[in-house]
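Basically my numbering = 1-based index in the sequence shown + 1.
Note that CB positions come from ideal geometry on N, CA and C, so glycine has one too.
Shown next, in structure tokens, is the structure this report addresses.
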Amino acid sequence: MTNMIKATAALGVMLMSLNVNASECELTITANDAMQFDKKSLSVPATCKEVTLNLHHSGSLPKSAMGHNWVLSTADNVQAIANDGMTAGADNSYIKEGDERVLAHTDVIGGGGSTSITFNIEGLDSKAAYRFFCSFPGHWAIMQGSFVIEA
């Protein structure tokens, strides 16, 4: 009986640690009709192998007028990705097809919409400068922030 109690307690501790780790590896960010993200910085521990990013659009304007997405890249690639994205167009969520500078991105959503993406961060360097931004034309300069992998 004592062994069963110990085994049950150990299982409970393991399950709780999985929940804590999972919540640390899931991020939520909200965009609005004023071209703003509600966070200027997002961070995850380096122990995360994958990250889930949930994007919500709290506004009411349609995606053709005030669409938003979430794009992750190194800091030095933001402007070039955004410029190339304009020619990629709305059907491609303003992301050039096959752009290897894009580390992760969601689809463009309109007011009231939500989307999410799960992506692998195992190959990313915790010392590198990463940025997230919206690639909808004209938004990237205002709608961006830092993405930090905490070592």
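- prompt: Where does ALA32 land, buried or exposed, given buried means 16+ other C-beta within 10 angstroms?
  reply: buried
Helix or strand or just coil, what does DSSP make of SER127?
coil
Taking the C-alpha atoms as reference points, what is the distance between GLY60 and ASN70? Approximately 13 angstroms, taken between the alpha carbons.
### Task
Look at the alpha carbon of LYS50 and the alpha carbon of GLU25, and state the distance between them as a whole number of angstroms.
11 angstroms
(message) So, under 8 angstroms CB-CB, GLY194 and MET67 are touching, yes? Tell me the CB distance rounded to an integer number of Å.
(response) Since the displayed the chain opens at 2 and closes at 152, residue 194 lies outside it and no answer follows.
In three-state terms, what does DSSP make of ALA11?
In this prediction, ALA11 scores a pLDDT of 47, lower than 50, which makes its location untrustworthy; no coordinate-derived value is stated.
I'd like the ranges of any alpha helix (DSSP H) spanning at least 4 consecutive residues and lying wholly in the region 22–71.
64–67
- [ ] Find out if the Cβ-Cβ distance for the pair SER94, VAL79 is shorter than 7 angstroms.
- [x] no
So, are the CB atoms of ALA47 and ILE150 less than 7 angstroms apart?
-> yes
Could you give the DSSP three-state label for THR107: helix, strand or coil? coil
Report task. Starting from ASN121, follow the beta strand (DSSP E) in both directions and report where the run begins and ends. Result -> 115–121
**Asked** In the DSSP assignment, what are the bridge partners of VAL149?
**Response** SER44
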